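Chains A and B supply the protein sequences, listed in that same order.
Take 1 as the starting number for the first sequence in the working numbering and just add one per residue.
Take 245 as the starting number for the second sequence in the working numbering and just add one per residue.
Each residue gets a CB set at the ideal place from its N, CA and C atoms; glycine is no exception.
Note that the structure is predicted; figures quoted are calculated from it, not measured.
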Amino acid sequence: MADYSSLRKKNLLLAKRLVRESVNPDLFIINAVNNAEELQRVQNNLAKRLREWYSLYFPELDKKIQDHEEYITHVLKGDKHKLLKEWKVDECMGSELDKKELEGIRHLAESIRGLYEEEKRLVEYLEKTMKAYSPNLNTLAGAVIGAKLLRGAGSLRKLAMMRSSTIQLIGAEKALFRHIKTGAKPPKYGHLLQHPLVQRAKKDDRGRMARALADKIFVAVRIDYFKGEYKGDELLKEVEVKLR
Amino acid sequence: MMQQVKKFNVYERERDRRLLFTKNLTPGKSFFAEMLLKDRGAEYRAWDVSRSKLGAGIKKGASQIGIKEGDAVLYLGASHGFTPSYVSDMVGRDGFVFCLDFAPRVVRDLVFVCEERENMAPILADANQPESYKELVPAEVDVVFQDVAQKNQLGIFLKNCDSYLKTGGFGLLALKARSVDVTKKPREIFERVRKELEKHPGMTVVDYRDLYPFEKDHALFICKKK
Numbered sequence: 001m002a003d004y005s006s007l008r009k010k011n012l013l014l015a016k017r018l019v020r021e022s023v024n025p026d027l028f029i030i031n032a033v034n035n036a037e038e039l040q041r042v043q044n045n046l047a048k049r050l051r052e053w054y055s056l057y058f059p060e061l062d063k064k065i066q067d068h069e070e071y072i073t074h075v076l077k078g079d080k081h082k083l084l085k086e087w088k089v090d091e092c093m094g095s096e097l098d099k100k101e102l103e104g105i106r107h108l109a110e111s112i113r114g115l116y117e118e119e120k121r122l123v124e125y126l127e128k129t130m131k132a133y134s135p136n137l138n139t140l141a142g143a144v145i146g147a148k149l150l151r152g153a154g155s156l157r158k159l160a161m162m163r164s165s166t167i168q169l170i171g172a173e174k175a176l177f178r179h180i181k182t183g184a185k186p187p188k189y190g191h192l193l194q195h196p197l198v199q200r201a202k203k204d205d206r207g208r209m210a211r212a213l214a215d216k217i218f219v220a221v222r223i224d225y226f227k228g229e230y231k232g233d234e235l236l237k238e239v240e241v242k243l244r
Numbered sequence: 245m246m247q248q249v250k251k252f253n254v255y256e257r258e259r260d261r262r263l264l265f266t267k268n269l270t271p272g273k274s275f276f277a278e279m280l281l282k283d284r285g286a287e288y289r290a291w292d293v294s295r296s297k298l299g300a301g302i303k304k305g306a307s308q309i310g311i312k313e314g315d316a317v318l319y320l321g322a323s324h325g326f327t328p329s330y331v332s333d334m335v336g337r338d339g340f341v342f343c344l345d346f347a348p349r350v351v352r353d354l355v356f357v358c359e360e361r362e363n364m365a366p367i368l369a370d371a372n373q374p375e376s377y378k379e380l381v382p383a384e385v386d387v388v389f390q391d392v393a394q395k396n397q398l399g400i401f402l403k404n405c406d407s408y409l410k411t412g413g414f415g416l417l418a419l420k421a422r423s424v425d426v427t428k429k430p431r432e433i434f435e436r437v438r439k440e441l442e443k444h445p446g447m448t449v450v451d452y453r454d455l456y457p458f459e460k461d462h463a464l465f466i467c468k469k470k
């Protein structure tokens with residue numbers, strides 16, 4: 001049996017070096033956007049919990065404010081009697097709680113507010129990084145959607161090698177494979193559905209809009225990857241024309 | 245009561261339907277939160293076969309796996325090193341496992357396992373390009389094991405067997421039918437792969453196991469190089 005101990009040493013050193021060298025901006029962006037999504041998930045879950053809990057005290061507020069962040073600022077205002085007047089509730093269904101019980105609710109509300117701040121910081125970071133790393137994609141898709149596309153592809157290089165029809169469907173893999181496997185309806189958009197331009201289009205036009213947008217994103221990403229000039233605004237205008 | 249499975253360095257107990265055991269090379273250490281247990285003086289590491297295609301193949305009654313004490317194994321698609329750590333138990337102190345994967349993220353975990361086990365080495369390289377790692381592995385190995393879930397996994401396997409497998413050595417291929425073609429029936433793909441393996445000069449298929457219910461749409465092919 002040959003002695004492989006020197007070969008092993010060499011391989012360990014080499015593997016460590018290669019792992020170290022594999023770190024790149026793509027990974028920063030992917031981790032940041034993963035974290036942002038996770039934060040959103042936790043915010044929503046905790047906010048639901050908070051609504052349930054605070055409703056023991058002031059049930060009417062739950063129905064009056066849909067937005068979680070706004071709801072939290074109201075909870076943190078404290079005294080419900082002022083809130084009652086503000087929202088014109090005459091007969092409150094909630095029971096009176098003492099300070100001790102309210103304290104727990106307030107703490108929860110504060111933590112959730114902290115999570116919202118964390119997410120905002122993260123999105124700011126994403127915007128800055130995306131603007132420096134792939135300015136054209138950032139203008140066309142926006143920082144968060146751009147980052148999600150990048151994550152779906154794996155790296156900017158891989159995204160730049162994709163055709164536009166593939167870009168259009170990043171984020172719709174489940175529906176796509178269901179379509180291929182069983183012949184169900186093909187998806188029209190993945191992450192691009194969240195894009196304001198697609199959102200603003202009429203429902204029947206959304207597929208068309210996503211296709212046009214994917215087209216221009218395709219161009220933008222290639223410019224970014226091959227370090228071309230900034231053309232984001234022109235490209236965006238070319239898509240906006242289609243919105244009618 | 246531990247009982248040896250055939251002539252392999254693998255053991256089983258009657259009551260564990262999803263577990264195999266190997267003798268632990270690094271007594272007292274477990275790497276993936278697996279159970280360690282003592283039986284007549286030796287320490288065994290539990291091997292959850294629903295996490296390992298090789299283990300599933302053995303549980304499904306593979307007649308031969310080709311991995312013996314003292315073998316040098318080239319393991320393609322090592323990932324975090326779960327199955328490779330058991331292969332390393334099987335080949336023992338005189339054997340060696342070269343663990344290859346091309347994703348830096350999993351090699352990061354793999355390095356930690358390899359540092360603890362003296363008969364394993366991590367390699368970050370693409371199995372599709374056997375020339376690229378010819379200086380990192382010996383010219384001939386006794387066993388090539390592959391589990392890569394790529395579209396051209398058969399091509400990768402044959403290339404590596406041609407380059408590195410010694411005559412009389414074993415090639416083990418864990419095939420994921422869904423990676424080859426999602427639209428075809430897994431059975432058809434298994435049949436086709438089997439025919440192509442037989443057609444390849446120097447290869448004979450010794451055994452083949454569908455890994456259901458441990459893995460869906462996967463099969464383990466055991467080949468020998470003539």
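Within 8 Å, strictly: CB atoms of residue i and residue j
{"i": "Arg262(B)", "j": "Glu278(B)", "result": "no"}
{"i": "Ala47(A)", "j": "Leu76(A)", "result": "no"}
{"i": "Val355(B)", "j": "Val19(A)", "result": "yes"}
{"i": "Phe342(B)", "j": "Ile367(B)", "result": "yes"}
{"i": "Val449(B)", "j": "Glu442(B)", "result": "yes"}
{"i": "Leu159(A)", "j": "His191(A)", "result": "no"}
{"i": "Arg157(A)", "j": "Tyr225(A)", "result": "yes"}
{"i": "Lys469(B)", "j": "Gly413(B)", "result": "yes"}
{"i": "Lys267(B)", "j": "Asp333(B)", "result": "yes"}
Continuous beta strand (DSSP E) stretch holding residue i: start and end
{"i": "Pro59(A)", "result": "Pro59(A) -> not in any beta strand (DSSP E); alpha helix (DSSP H) instead, spanning Pro59 to Lys64."}
{"i": "Arg453(B)", "result": "Met447 to Asp454"}
{"i": "Asp215(A)", "result": "Where Asp215(A) is concerned, there is no enclosing beta strand (DSSP E), although the alpha helix (DSSP H) it sits in stretches over Arg206 to Tyr225."}
{"i": "Asp333(B)", "result": "Here Asp333(B) belongs to no beta strand (DSSP E); instead the alpha helix (DSSP H) covers Phe326 to Val335."}
Contact test: residue i Cβ vs the ligand ATP heavy atom, cutoff 7 Å
{"i": "Lys174(A)", "result": "With respect to small molecules bound, the structure shown includes none, and the ligand ATP cannot be examined in it."}
Assigned secondary structure, residue i (DSSP; H/G/I helix, E/B strand, else coil)
{"i": "Val392(B)", "result": "coil"}
{"i": "Lys131(A)", "result": "helix"}
{"i": "Val239(A)", "result": "helix"}
{"i": "Arg289(B)", "result": "strand"}
{"i": "Glu96(A)", "result": "coil"}
{"i": "Phe346(B)", "result": "coil"}
{"i": "Asp260(B)", "result": "coil"}
{"i": "Phe340(B)", "result": "strand"}
{"i": "Tyr230(A)", "result": "coil"}
{"i": "Ile170(A)", "result": "coil"}
{"i": "Tyr198(B)", "result": "Outside the displayed range of chain B (245 to 470) lies residue 198(B), so it cannot be described from this structure."}
{"i": "Gly542(B)", "result": "Not covered by the structure: residue 542(B). The range shown for chain B is 245 to 470."}
For residue i, the first and last residue of its enclosing alpha helix (DSSP H)
{"i": "Arg361(B)", "result": "Careful: Arg361(B) lies outside any alpha helix (DSSP H) and carries neither H nor E."}
{"i": "Lys181(A)", "result": "Glu173 to Thr182"}
{"i": "Gly301(B)", "result": "Lys297 to Lys303"}
{"i": "Ile466(B)", "result": "Note, Ile466(B): premise wrong, no alpha helix (DSSP H); beta strand (DSSP E) at His462 to Lys469."}
{"i": "Thr266(B)", "result": "Run containing Thr266(B): none in the alpha helix (DSSP H); it sits in the beta strand (DSSP E), Leu263 to Lys267."}
{"i": "Gly152(A)", "result": "Ala143 to Ala153"}
{"i": "Gly399(B)", "result": "Gln397 to Tyr408"}
{"i": "Leu76(A)", "result": "His68 to Leu76"}
{"i": "Val19(A)", "result": "Ser5 to Glu21"}
{"i": "Tyr319(B)", "result": "Unbroken run through Tyr319(B) is the beta strand (DSSP E), Ala316 to Leu320; no alpha helix (DSSP H)."}
{"i": "Leu84(A)", "result": "Lys80 to Glu86"}
{"i": "Leu27(A)", "result": "Pro25 to Tyr54"}
{"i": "Lys159(A)", "result": "Here residue 159(A) is Leu; the residue named in the question, Lys, does not match the sequence. Residues Leu156 to Ala160."}
{"i": "Leu441(B)", "result": "Pro430 to Lys443"}
Reference residue i; option with closest CA among the options
{"i": "Tyr452(B)", "options": "Cys467(B), His444(B), Glu440(B) and Gly446(B)", "result": "Cys467(B)"}
{"i": "Val385(B)", "options": "Lys282(B), Ser407(B), Gly272(B) and Ala306(B)", "result": "Ser407(B)"}
{"i": "Ala359(B)", "options": "Gly207(A), Leu12(A), Lys85(A) and Asn44(A)", "result": "First, the amino acid is wrong: residue 359(B) is Glu here, not Ala. Checking every option, the nearest Cα to that of Glu359(B) belongs to Leu12(A)."}
{"i": "Glu101(A)", "options": "Tyr125(A), Ser111(A), Gln66(A) and Tyr57(A)", "result": "Tyr57(A)"}
So does the segment 48-58 of chain A actually touch the segment 154-168 of chain A, counting three or more Cβ pairs closer than 8 Å? no
Could you tell me whether the segment 418-425 of chain B touches the segment 256-272 of chain B, where touching means 3 or more Cβ pairs closer than 8 Å? no
Answer yes if the segment 178-197 of chain A comes into contact with the segment 113-127 of chain A, meaning at least three C-beta pairs across the two stretches below 8 Å, and no otherwise. no
Can we say the segment 294-306 of chain B touches the segment 357-367 of chain B, given the rule of at least three CB pairs closer than 8 Å? no
Pairing CB atoms from the segment 377-385 of chain B with CB atoms from the segment 421-432 of chain B, are three or more of them under 8 Å? no
Just checking, does the segment 321-328 of chain B make contact with the segment 391-398 of chain B on the three C-beta pairs under 8 Å criterion? yes
May I ask you to verify whether the segment 124-143 of chain A touches the segment 22-37 of chain A, counting CB pairs closer than 8 Å and requiring at least 3? yes
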